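Enquirer: Residue numbers for the sequence shown follow this note's numbering, beginning at 4 and rising by one. We put the beta carbon where it would ideally sit given N, CA and C, even for glycine. From a predicted model like this one, the values you see are computed outputs, not experimental measurements. I'd like to ask you about the structure that follows.
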Amino acid sequence: MNKRTTILIVDDEPAIRRFLRTSLTAQNFAVVEAENAGAAVAAIGRDKPDLAILDLGLPDMDGIEVIRRLRASGDLPILVLSVRDDERGKVAALDLGADDYITKPFGMEELIARVRTALRHRFQAQGEQPVFVSGDLSVDLVRRIVKLRGQEIKLSPREYDVLTLLVAHAGKVLTHRQILTQVWGPAHAEDAQYLRVAIRSLRQKIEADPAQPQFIQTESGVGYRLRTPG
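Structure, rendered in structure tokens:
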């Protein structure tokens, strides 16, 4: 990443901020810190960061409300820090527009990977690449052709829509509600069974072992993520 890329860390724990600052600066990111929501808003206006790492448990404002306000005023990528058992908080944050989350405790390799994915979505040119490739899977978005190991795979319209939505956000977790709303419409935002059936069918067609999927990865209690190219 460009050396001038700036990450805003919003966390009330000095030890967490220090750990993140050390790790991110080692990766040539510039770092700005904020210990609460008020300081975060000031930093966004002053420093114009490219991405925010946001702890949901802030002393002056609930992190969910911070996301709501940031999304009302802009598209700054937001990576949420959450505790392991806070599935409801993760889902709420993602549904409001957070780009991804990482669970405490976390490893820096995973964090950096999430940061780079969110930034890639931010910086990439408008419009999707005509062909997405991840391992043995390729999706031609212009010709609407899906291939596995060079062989064309026939998908139903719903299966194709789910897959291409995941492709458009490759590497980023999408919640059940987000996928259902985009593919089946807002009236079906709670009809999780539709999505489970489509995912199960997709895995049967594109995964070597549907029980241990390599492409469509489950984020337990939250949604699904498509493995990034590589």
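I need the DSSP call for residue 32, collapsed to helix, strand or coil.
Expert: Three-state DSSP puts residue 32 in coil, outside helix and strand.
Enquirer: Give every residue of the same chain whose Cβ lies closer than 6 Å to the Cβ of residue 80, excluding the five residues on either side of it in the sequence, and list them in chain order.
Expert: Only 54, 102, 121, 125 meet the Cβ criterion.
Enquirer: Within the continuous alpha helix (DSSP H) that includes residue 258, where are the two ends?
Expert: It is not possible to answer for residue 258, since the shown part of the chain is limited to 4 through 233.
Enquirer: Just to confirm, are residue 3 and residue 33 a CB contact at a threshold of 8 Å?
Expert: Residue 3 is absent from the structure shown; the chain starts at 4 and stops at 233.
Enquirer: Which same chain residues, not among the five before or five after residue 143, have their C-beta less than 6 Å away from its C-beta?
Expert: Hits under 6 Å: 134.
Enquirer: Please report how far the alpha carbon of residue 164 lies from the alpha carbon of residue 30, in whole angstroms.
Expert: If you take the alpha carbons of residue 164 and residue 30, they lie about 36 Å apart.
Enquirer: Considering just the uninterrupted stretch of the beta strand (DSSP E) at residue 98, what are its terminal residues?
Expert: Unbroken run through residue 98 is the alpha helix (DSSP H), 90–99; no beta strand (DSSP E).
Enquirer: In the structure shown, what three-state DSSP assignment does residue 68 receive?
Expert: DSSP places residue 68 in helix when its eight states are reduced to three.
Enquirer: Would you check if the distance between the CB atom of residue 201 and the CB atom of residue 161 is smaller than 8 Å?
Expert: Yes, Cβ-Cβ distance for residue 201 and residue 161 is below 8 Å.
Enquirer: Can you find at least 3 beta carbon pairs, one from the region 203–222 and one from the region 70–77, that sit closer than 8 Å?
Expert: Because the criterion of three Cβ pairs below 8 Å is not met, the region 203–222 and the region 70–77 do not touch.
Enquirer: Could you check the C-alpha separation between residue 85 and residue 228 for me, to the nearest Å?
Expert: Roughly 18 Å between the two C-alpha positions.
Enquirer: Thinking residue 93 and residue 225 are a contact (beta carbons under 8 Å), I'd like their distance in whole angstroms, please.
Expert: Between residue 225 and residue 93 the Cβ distance is about 5 Å, and since that is below 8 Å, they are a contact.
Enquirer: Output the boundary residues of the alpha helix (DSSP H) element that contains residue 162.
Expert: From DSSP, the alpha helix (DSSP H) with residue 162 extends over 160–171.
Enquirer: On the DSSP letters alone, give me the boundaries of the beta strand (DSSP E) that residue 228 sits inside.
Expert: Start and end: 226–229.
Enquirer: State the Cα-Cα distance for the pair residue 6 and residue 51, rounded to the nearest angstrom.
Expert: Note that residue 6 has pLDDT 40, beneath the 50 cutoff, so the model's placement of it is unreliable and no number is given.
Enquirer: On a Cα-Cα basis, can you pick out the residue from 67, 19, 188 that is closest to residue 114?
Expert: Taking only the C-alpha atoms, the option nearest residue 114 is 19.
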